[in-house]
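See structure below.
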Amino acid sequence: MKIVVFVNHVPDTETKVKVGADGKSIDPAGVNFMLNPYDEFAVEEGLKAKQKFGGEVVVVSLGGEANKETLRKALAMGCDKAVLLKDLSVRDSFGIAAALAEYAKEYGAELLLAGKQSIDYDNSQVGGLVAEMLGIPSITVVVKLDITDGNVVAEREIEGGHEIVHSKLPVLITAQKGLNEPRYPSLKGIMEAKRKPIEEKPAAPAESHVETTGMTKPSAKSAGKIVGTDAAAAVELVRLLHEEAKVI
Amino acid sequence: MNIVAFAEQRNGQFKKTAFEVVKAARTAADQLKAEVIALVIGNNVQSMAGQLGGYGASKVLVVDDPRVALYSTTAFAKIIADIVRQESAEIVFLPASAMGKDVAPRIAVKLKAGLASDCTAVSVENGTITARRPVFAGKGIVHVSVKTGTKIFSLRPNVFTAGESNGSSAPVEKRSVDLLEGDFACAVKETKVAGGKKDVSEADIIVSGGRGLKAPENFKMIEELAESLGAAVGASRAVVDAGWRPHDEQVGQTGKTVSPSLYIAVGISGAVQHLAGMSSSKYIVAINKDKDAPIFTVADYGIVGDAFEVVPAVTAELKKLQGK
């Protein structure tokens, strides 16, 4: 099976966001980047599919040299090959999806995987955009996936429950936490990843549909009052919630 | 000018977000001198459709078909895109719900439209519509404008206010869309809903627990407090990763970003990624025995004390208030 996993290189969850000099994106100074957590579930699912069906897992990322660190991590987990679609410009979701879709089409991917969203700009768009551009089905926010004889049965998370979705290959799946337990790269995997190829290609050009005109910080919440230090404070807390905040 | 507002329903009931989306479309439409055309998709949904008039729909279009009784990404995308074309709408509003987030990108490609997703504010200035949306789970907010002829906005549930219906009813028109077998390339066959479980993304009150609860069985007191408030149960990443709680309860940067009117954090220290996901809540209560825990920096009311004593006392006090 030809399996493609799209991964993004994002600031880690401990990052304190500072607005950069352009006034519309994050200041990357002092920020640690990592493989987008949801993409890690996608990589694991790709590796599981390869174990079941054979074939090849190609991990693809759009960006610059820095993304190689994330691609190496995916290679260390067991992906066969990495592709860096080089582009340093700031793209919107449409622009990112256009480049990824172009690669998937050229490669002839049968199973396409990505995280349900990137934890940086939180658009939750790229998976669905790529699938529609390729004219293939998509199932998003998946917590369980079963592929048998080209038939796909997936469980996706919805508010307060799950939907069982049926589809067929080729399909695009976006991964939600809970889909699997991503493996840790083994020492052998890390050593091998250093020798595995990272193919570099220029990203297909694309127009931008959404313009970011600025970025601000949310108004900071300030510490309120300490109501008490033991169970006796419960009375006052409930009174404040009822009479002052009026939320209960 | 026309704005199409997709009003999500499940099992013949509008989701709260359906009213929020229609009302937000009305607010924008008033400034743009536009009409709000609400769209309802499902089976036997015609009789419920007219009530959207009470939230500002000028008319309601209904695609009533047994084949779309359950959700299908591909079929819904086709229907919504077709209706937008038929109505020559320039603006489309959808909820950023599980369904809306799934279908919106596919519509965007079909209509060659830009999509601003998960918006928490939409405004019109000098005839131009712009939006704000949280990024980095709420650590930042970006201001965006959509440059394409057709513009799509998905709105975060529980943020826009629907208010009360004004009681009026909108005219309902039945529409049919040509659906072929291939339009159901991915389709829901079954929906499993945990009986009565409230989802943190939709809840008005959330009671969350963290490591400070020491063991999974101690979430019982969180559940009891939540029950007395009609609240959803939330969890920190630490306890989800430890397998104490299901991941759909996780609040924070790798879980759900929430903005309820009341968020009660019990035994949660307040890691950066957790604070990002909940600090836009209207009121925050923190119960933690560590007075230096970062959660207190965002809490409106704090109790520095032992959760095992404080939480049952709060539950008992609430029951007293409710006269139980």
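So the protein lines, in turn, are chains A and B. The working numbering applies: residue 32 is where the first sequence begins, and numbers increase by one. The working numbering applies: residue 28 is where the second sequence begins, and numbers increase by one. Every residue, glycine too, gets a C-beta built ideally from N, C-alpha and C.
For residue i, the first and last residue of its enclosing alpha helix (DSSP H)
i, result
"A/Gly158", "157-165"
"A/Ser124", "124-138"
"B/His301", "299-305"
"B/Arg112", "100-113"
"B/Ala253", "246-256"
"A/Lys99", "98-108"
"B/Ser74", "73-76"
"B/Pro339", "334-348"
"A/Tyr275", "Position check: residue 275 of chain A holds Glu in this sequence, whereas Tyr was assumed. That residue, A/Glu275, is in no alpha helix (DSSP H); it is neither H nor E in DSSP."
"B/Thr54", "43-59"
"B/Ala265", "264-268"
Residue environment, residue i, which counts as buried when at least 16 other CB atoms sit within 10 Å
i, result
"A/Tyr215", "exposed"
"B/Ala125", "buried"
"B/Gly294", "buried"
"B/Arg112", "exposed"
"B/Gln300", "buried"
"B/Leu79", "buried"
"B/Asp226", "buried"
"B/Val87", "buried"
"A/Asp151", "buried"
"B/Gly306", "The sequence given here places Ser at residue 306 of chain B; Gly does not occur at that position. Looking at its Cβ environment, which holds 16 or more other Cβ atoms inside 10 Å, B/Ser306 is buried."
"B/Lys166", "buried"
"B/Asp317", "exposed"
"B/Gly190", "exposed"
"B/Gly83", "buried"
"A/Glu188", "buried"
"A/Met65", "buried"
"A/Glu137", "exposed"
"B/Ser74", "exposed"
"B/Gly141", "buried"
N-terminal and C-terminal residue of the beta strand (DSSP E) that residue i is part of
i, result
"B/Asn315", "310-315"
"B/Ser181", "178-182"
"A/Met246", "241-247"
"A/Phe64", "64-66"
"B/Thr157", "155-162"
"A/Arg187", "182-189"
"B/Ala116", "Taken as a continuous stretch (DSSP letters only), B/Ala116 belongs to no beta strand (DSSP E), as it is neither H nor E."
"B/Gly127", "First-last for B/Gly127: 125-137, but that is the alpha helix (DSSP H), not the beta strand (DSSP E)."
"A/Lys256", "256-259"
"B/Asp145", "141-146"
"A/Ile178", "169-179"
"B/Leu97", "Looking at the DSSP string, B/Leu97 is not in any beta strand (DSSP E), and its letter there is neither H nor E."
"B/Met215", "Here residue 215 of chain B is Val; the residue named in the question, Met, does not match the sequence. It spans 214-220 - the beta strand (DSSP E) in which B/Val215 sits, taken as one unbroken run."
"A/Pro42", "40-42"
"B/Gly69", "62-69"
"B/Glu200", "199-201"
Reduced DSSP category for residue i - H, G, I as helix; E, B as strand; rest coil
i, result
"A/Gly146", "strand"
"B/Asn185", "coil"
"B/Tyr290", "strand"
"A/Glu230", "strand"
"B/Pro273", "coil"
"A/Lys225", "helix"
"A/Leu93", "strand"
"B/Tyr82", "helix"
"B/Tyr328", "strand"
"A/Leu78", "helix"
"A/Gly192", "strand"
"B/Arg37", "strand"
Residues of the stretch 239-251 of chain A whose Cβ lies closer than 9 Å to any Cβ of chain B, in chain order: Of all residues in the stretch 239-251 of chain A, Ser239, His240, Val241, Glu242, Thr243, Thr244, Gly245, Met246, Thr247, Lys248, Pro249, Ala251 have a Cβ within less than 9 Å of some Cβ in chain B.
Chain B contacts made by the stretch 255-271 of chain A, where a contact means CB separation under 7 Å: Here the close residues are Gly255, Lys256, Ile257, Val258, Gly259, Thr260, Asp261, Ala262, Ala264, Ala265, Val266, Leu268, Val269, Leu271.
Contact between the stretch 211-230 of chain A and the stretch 249-258 of chain B (3+ Cβ pairs under 8 Å): no
Stretch pair the stretch 182-193 of chain B + the stretch 143-162 of chain B: three plus CB contacts closer than 8 Å: yes
Contacting positions in the stretch 270-285 of chain B - beta carbon closer than 9 Å to chain A: Within the stretch 270-285 of chain B, the residues whose Cβ lies closer than 9 Å to any Cβ of chain A are, in chain order, Pro273, His274, Asp275, Gln277, Gly279, Gln280, Thr281, Gly282, Thr284.
Residues of the stretch 159-173 of chain A whose Cβ lies closer than 8 Å to any Cβ of chain B, in chain order: For the stretch 159-173 of chain A, the residues whose beta carbon sits under 8 Å from a beta carbon of chain B are, in order, Gly159, Leu160, Ala162, Glu163, Met164, Ile167, Pro168, Ser169, Ile170, Thr171, Val172.
Chain-ordered residues of the stretch 78-100 of chain B with a beta carbon less than 7 Å from chain A: Tyr98, Thr100
Residues from the stretch 112-130 of chain B in contact with chain A, defined by Cβ distance under 9 Å: Ala123, Ser124, Ala125, Met126, Lys128, Asp129, Val130
Three or more C-beta pairs below 8 Å linking the stretch 83-100 of chain B and the stretch 245-252 of chain A: no
Contacting positions in the stretch 175-190 of chain A - beta carbon closer than 9 Å to chain B: Val183, Val184, Ala185, Glu186, Arg187, Glu188, Ile189, Glu190
Chain A contacts made by the stretch 318-348 of chain B, where a contact means CB separation under 9 Å: Cβ contacts with chain A: Lys318, Phe323, Thr324, Val325, Ala326, Asp327, Tyr328, Gly329, Ile330, Val331, Gly332, Asp333, Glu336, Val337, Val338, Pro339, Ala340, Val341, Thr342, Ala343, Glu344, Leu345, Lys347, Leu348.
Inter-stretch contact at 8 Å, needing at least 3 Cβ pairs: the stretch 235-245 of chain B / the stretch 203-213 of chain B: no
Contact between the stretch 150-161 of chain B and the stretch 187-207 of chain B (3+ Cβ pairs under 8 Å): The stretch 150-161 of chain B, when compared against the stretch 187-207 of chain B, does not touch it at the 8 Å Cβ threshold.
Residues from the stretch 284-303 of chain B in contact with chain A, defined by Cβ distance under 7 Å: Ser288, Leu289, Val299, Gln300
Stretch-stretch touch, CB-based, cutoff 8 Å, three pairs: the stretch 316-335 of chain B with the stretch 75-89 of chain A: no
Chain B contacts made by the stretch 144-159 of chain A, where a contact means CB separation under 9 Å: Lys147, Gln148, Ile150, Asp151, Tyr152, Asp153, Asn154, Ser155, Gln156, Val157, Gly158, Gly159
The stretch 28-42 of chain B / the stretch 112-121 of chain B touching (three or more Cβ pairs under 8 Å): The stretch 28-42 of chain B vs the stretch 112-121 of chain B: in contact.
Contacting positions in the stretch 53-76 of chain B - beta carbon closer than 8 Å to chain A: none
Proximal residues, the stretch 207-230 of chain A versus chain B, C-beta separation under 8 Å: Gln207, Lys208, Gly209
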